[in-house]
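Residue numbers (this note's numbering): -6 to 77.
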């Protein structure tokens, strides 16, 4: 897997290296490069700013003071909609 061939944005390339680590998957097994992706990895970027699509998902319940890595929709998400 050549990171620079897949992602033209050097910031993403850097993030991938930061989120990755090496470990064996079982005792005595070969070392593998692993990367932990959560549900947020499936979201595209949306912002409440001019020129951006308005987000339709948020991390944490609407009345929460922190995220806890649970995602909630602001509105119904239809087939074909992006998660923003």
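Glycine included, each C-beta is placed from N, C-alpha and C at the ideal position. Please read all numbers here as calculations on a predicted model, not as lab measurements.
- In this structure, the straight-line span from the alpha carbon of residue 64 to that of residue 16 is close to 29 Å.
- DSSP places residue 35 within a helical segment (H, G or I) once states are collapsed to three.
- In this chain, residue 18 is not harboured by any beta strand (DSSP E), its DSSP state being neither H nor E.
- For the pair residue 49 and residue 18, the Cα-to-Cα distance works out to about 37 Å.
- The DSSP-derived three-state label of residue 52 is strand.
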